[in-house]
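Have a look at the structure below, then the notes.
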Amino acid sequence: MTEAEGDTTEAPGGRRIAVLGEMLELGDEAVEAHREVGRMAAENGVDLIVAVGDALAKQLALAAGAAGVPDIAMVGDNGTAAAYLASVLRPGDVVLVKASRGGQLWQIAQALIGQPVTGL
Numbered sequence: 050m051t052e053a054e055g056d057t058t059e060a061p062g063g064r065r066i067a068v069l070g071e072m073l074e075l076g077d078e079a080v081e082a083h084r085e086v087g088r089m090a091a092e093n094g095v096d097l098i099v100a101v102g103d104a105l106a107k108q109l110a111l112a113a114g115a116a117g118v119p120d121i122a123m124v125g126d127n128g129t130a131a132a133y134l135a136s137v138l139r140p141g142d143v144v145l146v147k148a149s150r151g152g153q154l155w156q157i158a159q160a161l162i163g164q165p166v167t168g169l
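Numbering (the numbering used here), first residue to last: 50 to 169.
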């Protein structure tokens, strides 16, 4: 996930937005791994994080805020994330959507590009 954040490009005048869900398969390393992703988001100049999920997403969001990400939104599910993004996106913004497959964040990406989505 941290490699994906570093590869995010920026359009002139746009923001770097990362929609990050929980990585579900990490076992005992899960909490620290989510904190590391939050810190890496700050290091990579992410302007807004939308953290999707529960306790692990909260750890990611807290670490990102402490590391300097200026704007953070916590949402519990993909439908709420998609609705929130639709209300805040501006021309030129670049959005990275990333999580483990179990989080099904592809639904958010499909909603953002106007494709039919089931399950939101």
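Idealized CB from N, CA, C, for every residue including glycine. None of these values were measured; they are calculated from a predicted model.
task = Assuming alanine 148 and valine 101 form a contact by the criterion Cβ under 8 Å, report the distance between their Cβ atoms to the nearest whole angstrom.
result = 7 Å
Contact belief for valine 68 with alanine 91 at Cβ below 8 Å, rounded distance in angstroms = About 16 Å; that fails the 8 Å criterion.
query = Enumerated in chain order, which unbroken segments of the beta strand (DSSP E) with a length of 3 residues or greater are wholly contained in the region 68-115?
reply = 97-101
task = Assign glutamine 153 to one of three DSSP states: helix, strand, or coil.
result = coil
inquiry  = On the CB-based measure, 16 or more other CB atoms within 10 Å of its CB, does glycine 151 come out buried or exposed?
reply    = exposed
inquiry  = On the criterion of 16 or more Cβ atoms from any shown chain inside 10 Å, does alanine 131 qualify as buried, or is it exposed?
reply    = buried
inquiry  = Let me check understanding here. Comparing Cα to Cα, which of Met89, Ala110, Ala104, Leu105 lies closest to isoleucine 98?
reply    = Ala110
message = Beta-carbon within less than 6 Å of glycine 154's beta-carbon, same chain only, minus the 5 sequence neighbours each way: which residues are those?
response = A quick correction: the sequence has leucine, not glycine, at residue 154. Excluding sequence neighbours, leucine 154 sits near Gly70, Val146, Ala148.
key: Presumed contact (8 Å Cβ cut-off) between methionine 123 and lysine 107, rounded CB distance   = 6 Å between Cβ atoms; contact.
Coarse secondary structure for glycine 132, derived from DSSP in three states = Correcting the residue identity first, residue 132 is alanine in this sequence and not glycine. Alanine 132 falls in the helix class under three-state DSSP.
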